[in-house]
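To convert, note that position 252 of the sequence shown is 279 in our numbering; the numbers rise steadily by one, no gaps.
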Amino acid sequence: MENLLQQVENLKEEMKNFLGEEKDQAEAFRIKFIGSNGSVKSLMGEMKNVAAENKREMGKVLNELKLFAESKYEELKKIAGGKPKITESTIDFTLPGDSLSIGSRHPISIVKNKIVSIFQRLGFSVAEGPEIEDDWHNFTALNLPENHPARDMQDTFYVSQDPAWMLRTHTSSVQVREMEKGDLPIRIICPGRVYRNETISARAHCFFHQVEGLYIADNVSFADLKQTLYFFVQEMFGKDVKVRFRPSYFPFTEPSAEMDISCLICGGEGCNVCKHTGWVEILGCGMVHPNVLENCGIDSGRYSGFAFGMGIERITMLKYQIKDLRIFSENDLRFLKQFVSAV
Ligand code: PHE
28 MENLLQQVEN LKEEMKNFLG EEKDQAEAFR IKFIGSNGSV KSLMGEMKNV
78 AAENKREMGK VLNELKLFAE SKYEELKKIA GGKPKITEST IDFTLPGDSL
128 SIGSRHPISI VKNKIVSIFQ RLGFSVAEGP EIEDDWHNFT ALNLPENHPA
178 RDMQDTFYVS QDPAWMLRTH TSSVQVREME KGDLPIRIIC PGRVYRNETI
228 SARAHCFFHQ VEGLYIADNV SFADLKQTLY FFVQEMFGKD VKVRFRPSYF
278 PFTEPSAEMD ISCLICGGEG CNVCKHTGWV EILGCGMVHP NVLENCGIDS
328 GRYSGFAFGM GIERITMLKY QIKDLRIFSE NDLRFLKQFV SAV
């Protein structure tokens with residue numbers, strides 16, 4: 028009886044591990060185990076040698092073995108049935124293939140890449156930095172000491188466990204990191220995601236994307252700044268677009284300006300997008316404040332530079348005439364699919 032129980036166990040194990048030829052696995056299993064010459068049948072034949080007092084128990088064990096084999100057989104049949112047999116004669120190679128839907132870049136990425144490539148042609152290279160920043164890189168080094176009222180211009184998300192850390196409010200923090208390296212001259216653009224604690228509306232979100240730029244060398248002037256940005260706008264929006272600079276204020280630049288372009292929607296005549304002024308603001312800029320240079324270890328007596336920063340959402344909205352920036356983060360395929368052919 029011991030011996031017979033052992034054989035039942037071995038057989039079960041063998042069934043579990045059974046791997047026949049793939050194409051008729053189920054049939055091979057049936058012949059080997061269940062068929063009239065199969066191993067289960069032959070073990071059943073051993074019943075006649077089992078002592079009378081053990082017959083009941085042994086019968087039960089063998090019956091279970093039989094049920095196990097049958098269920099395994101059904102399983103194999105199902106697997107085989109699920110796979111259609113493909114032979115060369117059933118494939119029609121002349122039929123068109125299944126079409127794969129092609130993904131597209133997000134419009135924000137498309138425009139970011141375009142901005143980056145325009146500035147790369149002018150010799151700027153890309154610099155990146157962390158999205159979680161410390162107070163020094165996001166504010167203090169940029170001439171916004173503690174309690175400076177201009178900090179309120181950029182409503183900030185602080186890390187609640189330690190408010191010395193925050194989500195960067197602009198990528199100017201990357202510029203600080205680059206200046207601190209001390210490799211001059213510097214000619215960089217800093218694309219990236221930034222965060223501000225603002226009420227979400229058609230024109231503002233709690234996060235958006237920026238490209239900021241910085242050029243520091245000997246004798247950099249405001250004329251260089253104007254010409255660089257003028258070149259950018261013409262490459263981005265076409266030769267007909269006009270620009271104007273308005274005086275503005277940023278703690279990290281002096282003098283500071285905001286740059287407008289003529290409204291692309293109405294051609295300057297006045298519409299809702301340009302609030303009937305004919306002009307749309309696209310970026311802030313200015314000459315890097317000497318305090319910022321000194322904070323980053325750069326001799327402000329020798330070097331000068333310009334900086335600028337723009338929101339990619341704003342540029343994208345103007346370029347593709349999109350009226351509400353919330354659509355950028357809604358993942359609506361009807362919107363995103365329209366950019367398949369844009370690169
Ligand atoms: N850091 C400014 C902002 O996020 C943009 C800016 C950059 C303005 C550089 C002037 C010079 O609003």
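No residue lacks a Cβ here, since even glycine has one placed at the ideal position from N, Cα and C.
All values derive from a computational prediction rather than experimental measurement.
Using a Cβ-Cβ cutoff of less than 8 Å, which residues in the same chain neighbour residue i once the five nearest sequence positions on both sides are dropped?
i      : result
Leu70  : Leu31, Gln34, Val35, Leu38, Leu89, Leu92
Asn15  : Any property of residue 15 remains undetermined from this structure, which presents the chain solely from 28 to 370.
Val77  : Met28, Leu31, Met85
Ile342 : Val138, Ile142, Met263, Ile309
Thr198 : Gly156, Cys217, Pro218, Gly219, Val221, Gln237, Val238, Glu239, Gly336
Asn246 : Ser331
Val268 : Val260, Gln261, Ile288, Ser289, Leu291
Arg178 : Phe166, Leu171
Phe249 : Pro282, Met314, Phe333
Measuring CA to CA, which of the options is closest to residue i?
i      : options                        : result
Tyr242 : Ile325, Ala53, Ser98           : Ile325
Glu54  : Arg148, Ala191, Lys87, Ala96   : Ala96
Ile142 : Lys364, Ile339, Met344         : Ile339
Arg148 : Leu256, Ile288, Thr343         : Leu256
Ser356 : His236, Gln188, Ser289         : His236
Glu281 : Gly332, Val67, Ile342          : Gly332
Arg273 : Thr121, Val307, Ala231, Arg57  : Val307
Gly294 : Val270, Gly311, Gln254, Glu73  : Val270
Phe60  : Glu173, Leu94, Glu296, Ile129  : Leu94
Asp351 : Thr198, His232, Asn81          : His232
Arg230 : Arg353, Phe45, Val67, Met74    : Arg353
Met286 : Lys302, Lys208, Leu252         : Leu252
Gly311 : Ile288, Ser327, Gly305, Arg329 : Ile288
Ser327 : Met206, Ala250, Ile227         : Met206
Val201 : Pro123, Ala154, Asn358, Ala369 : Ala154
Tyr347 : Asn358, Ala369, Arg329         : Ala369
Lys364 : Ser228, Glu296, Ile227, Ile129 : Ile129
Ala191 : Asp125, Glu173, Ser116, Gly150 : Glu173
Glu101 : Phe249, Arg57, Leu127, Lys302  : Arg57
What are the boundary residues of the beta strand (DSSP E) that includes residue i?
i      : result
Ile213 : 213-222
Ala334 : 330-338
Phe277 : 270-277
Gly310 : Looking at the sequence provided, one finds Leu at residue 310 rather than Gly. Residues 306-315.
Met42  : Careful: Met42 lies outside any beta strand (DSSP E), inside the alpha helix (DSSP H) at 29-43.
Ile288 : 280-289
The alpha helix (DSSP H) with residue i in it runs from where to where?
i      : result
Pro157 : Per DSSP, Pro157 belongs to no alpha helix (DSSP H) and is neither H nor E.
Ile118 : That residue, Ile118, is in no alpha helix (DSSP H); it is neither H nor E in DSSP.
Met74  : Taken as a continuous stretch (DSSP letters only), Met74 belongs to no alpha helix (DSSP H), as it is neither H nor E.
Ala55  : 52-56
Arg178 : Counting along the chain, Arg178 falls outside any alpha helix (DSSP H), and DSSP gives it neither H nor E.
Pro134 : 134-148
Phe362 : 360-363
Measure how close the beta-carbons of residue i and residue j come, nearest whole angstrom, since I'm counting them as under 8 Å.
i      : j      : result
Arg220 : Phe234 : 6 Å
Lys99  : Met42  : 5 Å
Met337 : Ile309 : 6 Å
Phe335 : Gly240 : 5 Å
Asn224 : Asp182 : 4 Å
Ile145 : Phe259 : 5 Å
Ala168 : Pro212 : In fact, because the Cβ distance is near 19 Å, the residues do not count as touching under 8 Å.
Note down, in chain order, each residue of its chain lying with its Cβ closer than 7 Å to the Cβ of residue i, except the 5 sequence neighbours on either side.
i      : result
Leu194 : Glu158, Ile159, Phe184, Tyr222
Phe366 : Ser131, Arg132, Pro134, Ile137
Asn140 : none
Asn44  : none
Asn165 : Met193, Arg195, Thr196, Ser200
Phe362 : Ile354
Val203 : His164, Ala168, Leu169, Cys323
Ser228 : none
Keeping to the same chain, check which residues put their C-beta closer than 6 Å to that of residue i; ignore five residues upstream and five downstream.
i      : result
Ile292 : Cys298, Val300
Leu360 : none
Ser283 : Ser275, Tyr276, Phe277, Gly313
Ser66  : Leu38, Phe60
His175 : none
For this session: Would you list, in sequence order, the uninterrupted alpha helix (DSSP H) runs of no fewer than 4 residues that lie entirely inside the stretch 186-267?
Result: 199-208, 249-264
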